[in-house]
Every structure is written in C-alpha cells, then in structure tokens.
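Colleague: Can you keep this structure in mind? I'll have questions shortly.
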Amino acid sequence: MPVLILLPPSEGKAEAGTGRRLDLSRLSLPEVNPAREAVLTALVDLCAGPDETAAREALGLSEGQRGELRRNARLRVAATAPAARLYTGVLYEALDLATLPPAAERAARRSVLISSGLWGAVRLTDRIPPYRCPIGARLPGVGALAAYWRSAIGPAMTAAAGNGPVLDLRSGAYAATWTPRGPLAERTVTVRVLHERVVDGTPTRSVVSHFNKATKGRLVRDLLLAGARPRTADALVGALRELKYTVEEGPRATGRPRQLDVVVADL
Numbered sequence: 254m255p256v257l258i259l260l261p262p263s264e265g266k267a268e269a270g271t272g273r274r275l276d277l278s279r280l281s282l283p284e285v286n287p288a289r290e291a292v293l294t295a296l297v298d299l300c301a302g303p304d305e306t307a308a309r310e311a312l313g314l315s316e317g318q319r320g321e322l323r324r325n326a327r328l329r330v331a332a333t334a335p336a337a338r339l340y341t342g343v344l345y346e347a348l349d350l351a352t353l354p355p356a357a358e359r360a361a362r363r364s365v366l367i368s369s370g371l372w373g374a375v376r377l378t379d380r381i382p383p384y385r386c387p388i389g390a391r392l393p394g395v396g397a398l399a400a401y402w403r404s405a406i407g408p409a410m411t412a413a414a415g416n417g418p419v420l421d422l423r424s425g426a427y428a429a430t431w432t433p434r435g436p437l438a439e440r441t442v443t444v445r446v447l448h449e450r451v452v453d454g455t456p457t458r459s460v461v462s463h464f465n466k467a468t469k470g471r472l473v474r475d476l477l478l479a480g481a482r483p484r485t486a487d488a489l490v491g492a493l494r495e496l497k498y499t500v501e502e503g504p505r506a507t508g509r510p511r512q513l514d515v516v517v518a519d520l
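Our numbering numbers the first residue of the sequence shown as 254 and each following residue consecutively.
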C-alpha cells in the first residue's frame, strides 16, 4: 500500500465545473454514499429554501456571499470537475498538481484523500461540483458536520489506510472527523509547521496559517517528485529528512499518532 496522504479542502474553488453532472456512485469510498446523500440533500434543501438568513448563518456566510446559496441549491445539476482541479487554495497552489510529471501524478491519485464537509473525503480524480459547506456547519436533520462524519466515515478511512503509513496534514476541524486508533494511529504522522525567526537576538517560533498551508503543499509535492514510497512511519519521517526538511519529533505515546514539527525559516 502507498502512504495515505490526508489533506484539508480549500475554501477557494474553481468557479464552475466543466463536465457531467454529479454522480455519487462514481465517487471513491462508495460505502459512505448514504452519508453523502444525507448531507447533500440537507444542504440543497437548506440553500433552496425560503429562509436565506438561516441558510447563511448555518454556513457562516455574509450577506455578500448569498451567491454561494444559489450555487449550493444547484449542486445536483451543476457541472463537475476533478477534485484535483476544483480546489484552488494556498495548499493546492503550492502542490501544483497540474505540473506534476506522470509518475508523480499517478502516485498522487493513489495516495491523496481530501477531507470535505460535504463529501466526507474524496480522491483527486473524483468529479464534484463547486460548493460551499465548511466542516463547522450545522445542517437541518444532519446536525454538526464534524460529529456527523465522525460517526459515518471511520471504517472507510481505516480501509483506505490499509497497512501503510498515513501522513495527516488536515487542519484541526477536519482531523476531528476521523482519528486513527490502535496500531494504525502509531503508523500515522501528523505535521505542524513552525516559522522560526530571530527577534532581538532570540530565536522564536510561531504558527503562520498561510505559510503553514503553503509548506504542506510543497512537502507533499516534494515527496511525490522524489518518488518516495515509505512503508512505515519511520521511513516516512526519514523521507522528509532526506528532502532536507527540518523535522523535530515530539514524545511518542502508545496508540497515538506521531507528532512532527517541520521548522522553516523563510516565508
């Protein structure tokens, strides 16, 4: 099994799809399609309903973003695009999937899973329409999405991980939808990006959101370009160090993911 790379989605998305309408039966992880159908129905009904204010509040949208409601209301008939082209945020700009050579692109298709408040998780080749459905949303009949997916997606994610290592680059809210347990947790590596700089002669470290996303995108790109095929968590950590990343590992705990700090100096 290749390493499973878990990414967050991005708020930035392509403006429109270019191909056929949504077909849930064609998506990866088909065992979660009943859950996807429930979330999709709740989202479309909410956004097509008469109470625009309630819909905007549920999705955390401003009055100026009411166009997102119209888009969501048409999800079942909207054109789709592969997830690889749909997500356009900072992480995906740095990952730059479109310019990967063929071998690295094939590895990305096998390895990457993208978390989603609407779909649970999708692979890069899955065709989905542009949407707006943050993991922090609460939908009628479904409730809080983080809790909903936590109860719906676990077996599918565990099966996707197989016997290989997992590189978990999801943000906190999306990471809460699935937490590896037992031996799988010990094969899972989570990453925090720290920016190190010198202030008045003293080195200081901080988390910078924008740069955190860009670094994670470059990290995945570098692994793919290097053709890295780690079969264990130790080998995955070693691969990052071979790529000249400054990696510091926190204390290990039985049955818990391994926590890495990737320390960078340049923004």
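Where a beta carbon is used, it is the ideal one built from N, C-alpha and C, also for glycine.
(1) To which residues does DSSP link residue 448 through a beta bridge?
(2) Cβ of residue 329 within 9 Å of Cβ of residue 275?
(3) Once the 5 residues before and after residue 459 are set aside, which same chain residues still bring their CB inside 6 Å of it?
(4) Taking a contact to mean a Cβ-Cβ separation below 9 Å, would you say residue 288 touches residue 300 in this structure?
(5) Is the beta carbon of residue 268 closer than 9 Å to that of residue 383?
(6) Rounded to a whole number of angstroms, what is the C-alpha to C-alpha distance between residue 303 and residue 417?
(7) Can you name, in chain order, every residue of its own chain whose Cβ lies under 8 Å from the Cβ of residue 400, other than the five neighbours on each side?
(8) Report, in whole angstroms, the separation of the C-beta atoms of residue 381 and residue 333, which I expect to be a contact under 8 Å.
(9) Whose C-beta lies closer than 6 Å to the C-beta of residue 446 among residues of the same chain, with five residues either side of it excluded?
(10) With 16 other CB atoms within 10 Å as the buried threshold, where does residue 487 fall?
(11) Tell me whether the beta-carbon of residue 347 lies closer than 9 Å to the beta-carbon of residue 353.
(12) On the three-pair Cβ rule with 8 Å, is the stretch 423–438 touching the stretch 488–498?
(13) Among the candidates 480, 263, 434, 296, whose CA atom is the shortest distance from the CA of residue 341?
(14) Which of the three DSSP states, helix, strand or coil, is assigned to residue 390?
(15) Please classify residue 441: does DSSP put it in a helix, a strand, or coil?
(16) In this structure, what does DSSP give as the bridge partners for residue 258?
(17) Please report the straight-line C-alpha distance between residue 508 and residue 421, rounded to a whole angstrom.
(18) Give me, in chain order, the residues of the same chain whose beta-carbon lies closer than 6 Å to that of residue 501; leave out the 5 immediate sequence neighbours on both sides.
(19) Could you pull the start and end residues of the beta strand (DSSP E) that residue 502 belongs to?
(20) Along the chain, where does the alpha helix (DSSP H) containing residue 320 start, and where does it finish?
(21) Within 10 angstroms of its Cβ, does residue 423 collect 16 or more other Cβ (buried), or is it exposed?
(22) Which residue or residues does DSSP assign as beta-bridge partners of residue 266?
(23) If you draw a straight line from the C-alpha of residue 456 to the C-alpha of residue 402, how long is it?
(24) With a cut-off of 8 Å on the beta carbons, I'd call residue 297 and residue 395 a contact; round off their distance for me.
(25) Return yes when the Cβ of residue 374 is within less than 9 Å of the Cβ of residue 285, no when it is not.
(26) What do you reckon, are the CB atoms on residue 357 and residue 480 nearer than 9 Å?
(27) I'd like the span of the alpha helix (DSSP H) that includes residue 407, first residue to last.
Modeller: Taking the geometry as given:
(1) Looking at the DSSP assignment, residue 448 forms a beta bridge with 459, 517.
(2) The Cβ atoms of residue 329 and residue 275 sit closer than 9 Å to each other.
(3) 448
(4) Going by beta carbons, residue 288 and residue 300 fall outside the 9 Å limit.
(5) Against a cut-off of 9 Å, the Cβ pair of residue 268 and residue 383 comes out as a contact.
(6) Their backbone Cα atoms lie some 48 Å apart in a straight line.
(7) none
(8) 6 Å
(9) 465, 468, 515
(10) exposed
(11) Not in contact: residue 347 and residue 353 (Cβ atoms no closer than 9 Å).
(12) no
(13) The shortest C-alpha separation from residue 341 is found at 263.
(14) coil
(15) Here residue 441 sits in strand by DSSP.
(16) 365, 420
(17) Spanning the two alpha carbons is a distance of roughly 15 Å.
(18) Closer than 6 Å at the Cβ level, and outside the excluded window around residue 501, lie 514.
(19) Counting along the chain, the beta strand (DSSP E) containing residue 502 begins and ends at 499–502.
(20) 320–326
(21) buried
(22) DSSP lists 340 as the bridge partner or partners of residue 266.
(23) Rounded to whole angstroms, residue 456 to residue 402 spans 40 Å at the Cα level.
(24) A Cβ-Cβ separation of about 12 Å leaves residue 297 out of contact with residue 395 under the 8 Å criterion.
(25) yes
(26) In this structure, residue 480 lies closer than 9 Å to residue 357 by Cβ.
(27) Following the DSSP letters along the chain, one finds residue 407 inside the alpha helix (DSSP H) bounded by residues 407–414.
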